[in-house]
Amino acid sequence: MRSGTGAAAAASTQDPVGIQDPVVTKDPVVIVGSGHSGVAVAAGLRTRGWEGNILLIDAENELPYERPPLSKEFLKDGAPDEPAVLRKEKFYADKGIGRLAGVTAESIDRNGRTVLLSNGTRQAYHRLVIATGSRARPLTVPGAGLAGVRSLRTRGDALELRRLLVPGSRVAIIGAGYIGLEVAAAAAAKGCEVTVLEFQDRVMSRVTSAPVSRHFEQLHERNGVRFVFGAAVTSIDGGQRAERVTVADGTVFPADVVLAGIGVIPNQELAARAGIDCRDGILVDGDGRTSDPAIYASGDVTRFTSPIDNASQRLECIQNALAQADRVAAHIAGQTAAEPEIPWFWTVQHGIRLQTAGVRHPEDRVIVRGEPSGGKFSVVYLRDGRLAAVDTIANLSDFRTAKRLIGQGARIDPLLAADPRVPLAEAISGATNHSHADLTAARS
35 MRSGTGAAAA
45 ASTQDPVGIQ
55 DPVVTKDPVV
65 IVGSGHSGVA
75 VAAGLRTRGW
85 EGNILLIDAE
95 NELPYERPPL
105 SKEFLKDGAP
115 DEPAVLRKEK
125 FYADKGIGRL
135 AGVTAESIDR
145 NGRTVLLSNG
155 TRQAYHRLVI
165 ATGSRARPLT
175 VPGAGLAGVR
185 SLRTRGDALE
195 LRRLLVPGSR
205 VAIIGAGYIG
215 LEVAAAAAAK
225 GCEVTVLEFQ
235 DRVMSRVTSA
245 PVSRHFEQLH
255 ERNGVRFVFG
265 AAVTSIDGGQ
275 RAERVTVADG
285 TVFPADVVLA
295 GIGVIPNQEL
305 AARAGIDCRD
315 GILVDGDGRT
325 SDPAIYASGD
335 VTRFTSPIDN
345 ASQRLECIQN
355 ALAQADRVAA
365 HIAGQTAAEP
375 EIPWFWTVQH
385 GIRLQTAGVR
395 HPEDRVIVRG
405 EPSGGKFSVV
415 YLRDGRLAAV
425 DTIANLSDFR
435 TAKRLIGQGA
445 RIDPLLAADP
455 RVPLAEAISG
465 ATNHSHADLT
475 AARS
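According to this note's numbering, the sequence shown is numbered sequentially starting from 35.
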């Protein structure tokens, strides 16, 4: 990745502060947060030969676990109560990775290189990694605190939601993003009456284009989900529990369960209180360093400059969390990280998988490959003539090819790209395998 902006970018111009040879340091590398990125930093340090102490600070008491299934398989009937763990307990013991569970970091003393913990102790660090992730954006309307109003981020959230999703329950989901739609699919499959209230005019509007939105809207409707677009929720009403949701035009929707799926907020407060540069995420350079070169950040909590188009971005995906963790571990160990992978994302709704590579911009040119009604198609996004992103449904070949072409900055012929008979790898501008005349003749 290229360097970030502001003070984080300035930090990247300094001499590396990572240890050049594996040594045992007096103080450990302290990692605050034990999600995918935090655990991957710890594992990556050991893989790279780091022999110093490592300490994971985990706000939850359980072993670090997989979070993506919480809005999918975990909500199904018969699913185990414990999500799959990232690493078994034996791994941490074998690798000499210490864990403090049920403890949070309260503040950082940058001069003294210590972290004050919620148990009252102060932990010294050689290098500090902030991998605190993000939290569900809360509803701020009247009635948001009633019983039955939920968000989904942790195992505990998912267990409570699973308990509430019983056949016949009236479920109102606020927000038609990934989380909202995945829960809508799970609730409909369990026999709930599901209504999705979305302020925008289509589903997943932040992450995809209109053709993909329409495909998934129709998929949900075929499975009994109702959508209300342009809906601004103004209140949730009831006695001790939620009973109905009211929107701005006065329409009332009965609801026994209300799920807020309105995005997330980066958990940047620890860094911000310490004077580390933040802007809707902790600013980091290409090696994960913050404006303090002894402090790194990794995962959903970070904001960085895209190596593809130099745009400032904060990505909420496992792939980015793991890629950043690798770069942080490499820099601390004084090694070179692998070239960054093209970002990719996925969601499964009613058994249909949407896979995305690259980061779409609203102004990108949209080209549909294939017929959505057939259930297998792709949408490619061109920016200044180059392939910038792709959405694929049941088309793994296009997904894999697009990831490679995006990384190459390949220029794409729009006419060739629009024909699903032409392999995407042969839709590069200047390709001679298929002429425009050939394609026109084939269609006639």
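Each residue gets a CB set at the ideal place from its N, CA and C atoms; glycine is no exception.
All of these numbers come straight from a predicted model, not from anything done at the bench.
In the three-state reduction of the DSSP assignment, R361 falls in the helix class, which pools H, G and I. According to the DSSP secondary-structure assignment, Y415 is paired through a beta bridge with V400, A423. For the pair A459 and T435, the CB atoms are nearer than the 7 Å cut-off. In this structure, the beta-carbon distance from I213 to L231 does not fall below 7 Å. Assignment of beta-bridge partners to F263 by DSSP yields E232. Taking every protein chain shown into account, the CB of G408 has fewer than 16 other CB atoms within 10 angstroms, so this residue is exposed.
Taking C-alpha positions only, Q302 is separated from S463 by approximately 43 Å. With a threshold of 16 other beta carbon atoms within 10 Å, P172 falls short and is exposed.
Sequence-distant Cβ neighbours of D191 in its own chain, meaning closer than 7 Å and more than five residues away, are R184, S185.
When the five nearest sequence neighbours on each side are left out, the beta carbons in the same chain lying within less than 8 Å of the beta carbon of A118 are those of Y99, E100, P103, in order along the chain.
In this structure, the CA atom of L293 is about 25 Å from the CA atom of N95.
In this structure, the CA atom of G264 is about 10 Å from the CA atom of D283.
Comparing alpha-carbon positions, the option among E140, A461, L162 lying closest to T155 turns out to be E140. Between W378 and Q353, the C-beta gap is smaller than 7 Å, which places the two residues in contact.
Within the segment 135–175, the runs of beta strand (DSSP E) that reach at least 3 residues and sit entirely inside it are, in chain order, 139–143, 148–151, 156–158, 161–164, 168–170. According to the DSSP secondary-structure assignment, Q383 is paired through a beta bridge with I386. Beta-bridge analysis with DSSP links R323 to Y330. Taking 8 Å as the upper bound for CB-CB distance, H395 and A355 are not in contact here, some 22 Å apart. Using a Cβ distance threshold of 7 Å, I91 and V75 do not count as a contacting pair. A306 and C312 have their C-alpha atoms spaced approximately 6 Å apart. Contact annotation: S71 and S340 have beta-carbon atoms that are not nearer than 7 Å. Exposure of S269 is indicated by the presence of fewer than 16 other C-beta atoms within 10 angstroms of its C-beta. Leaving aside the five residues that flank A461 on each side, the residues in its chain whose CB is nearer than 7 Å to its CB run, in chain order, I446, D447, L450, A451.
In this chain, the beta strand (DSSP E) harbouring L89 covers 88–92. CA-to-CA, the gap between V217 and V228 works out to about 10 Å.
Assigned with DSSP and collapsed to three states, E116 falls in coil, not helix or strand. Around the beta carbon of S325, 16 or more other beta carbons sit within 10 angstroms, so the residue counts as buried. As computed with DSSP, D191 is found in no beta bridge at all.
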